[in-house]
Each structure stands twice: as C-alpha cells, then as structure tokens.
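**Student:** So the sequence shown is numbered by this note's numbering: it starts at 1085 and just counts up by one.
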Amino acid sequence: MRKFLMVTTVIVVLSIVGYFTFLYNATYSEGVRSGELIKVSNKGVAFKTWEGEISQGISGAQIFSFSVLDSEEKVIADLQEFEGQYVQVNYVERYRTFPWWGDTRYFITEVKKVNSPFKIK
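1. Name the one or two DSSP bridge partners that W1134 has.
2. Among the residues of its own chain, which have a CB less than 8 angstroms from the CB of N1174, if the five just before and after it don't count?
3. Please report the residue range of the alpha helix (DSSP H) in which F1106 lies.
4. For the beta strand (DSSP E) that F1191 lies in, which residues bound it at each end?
5. Look up Q1140 in the DSSP assignment and say whether it is helix, strand or coil.
6. Tell me which same chain residues have a C-beta within less than 8 angstroms of the C-beta of K1127, skipping the five on either side of it?
7. Taking the CB atoms as reference points, tell me whether G1119 and G1141 lie closer together than 9 angstroms.
8. CB I1138 to CB F1131, shorter than 9 angstroms?
9. Ordered along the chain, which non-local residues of its own chain (more than five positions away) have a Cβ less than 6 angstroms from that of T1181?
10. Which stretch, first to last residue, makes up the beta strand (DSSP E) that contains E1177?
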C-alpha cells in the first residue's frame, strides 16, 4: 500500500509540474495587429501587470486587449510613448496565463509606430 501511494504521489506531482511547464513555455499562436493605441496601464492589487488596448476600427467597436510582461521594458516604454497613435504590435498568444503575467492570453513582444490608413493625406 505504501509503495502504491508513493508511485501515485510521484505521478501526480510530475503531471502538475509538466502541465505548468507546458503553460509557461508553449505558445498557441503568433501574429501582428494594428490600430490606435487607446490604453496602457499598470494595474492590479496583488500582482501589478501591464495591460493595454488597441482600437482596430473607426468606431472603436473592435478592441484588442493585450498584456505585456514586466521583462519587456522597451515595449512598455514604446507603448507609453505611442499612446493615442496608430501602432503595429507583434504578439504571442498563450494557452493560458498566470495572474502575475497579465489578464489576457495575448502578450506583446514588439511595437512600432505606423501611419494610419484612415487619415486623409
């Protein structure tokens, strides 16, 4: 009986470790989105995370919400600088997230300012 409990405990612990290792490292998709950067904030009570929103339409009906990891200091600085302007962001989508990473599954890895297609030249 004791051997059975030990084997079961080891299997459960290894399964949990494997699951969290997968969540930590695996990405579901990668992509690019563009729009007007309308919000960048550092929010949270227990865990402060960087969150933002991009308006992808003229009316603001399509909002892309995203998170930024604290280690992405250049991205955070660029987002703060480009707020209110048209930007293009590269992101990775994860299967799930941890509370200390952010509210969304979309994590920005790069941001650059681009010209808006809606402005008349």
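A virtual CB, placed ideally from N, CA and C, is assigned to each residue, including glycine.
Here the structure is a predicted model, which means the values were calculated and not measured.
**Tutor:** In this structure, then:
1. N1126 and V1152
2. E1114, G1115, V1116, I1192, T1193, E1194 and V1195
3. R1086 to N1109
4. Y1190 to K1197
5. coil
6. The beta carbon of K1127 is closer than 8 angstroms to those of T1133 and E1135 in its chain, skipping five residues each way along the sequence.
7. yes
8. Contact flag unset, no.
9. R1189
10. From DSSP, the beta strand (DSSP E) with E1177 extends over Y1170 to R1178.
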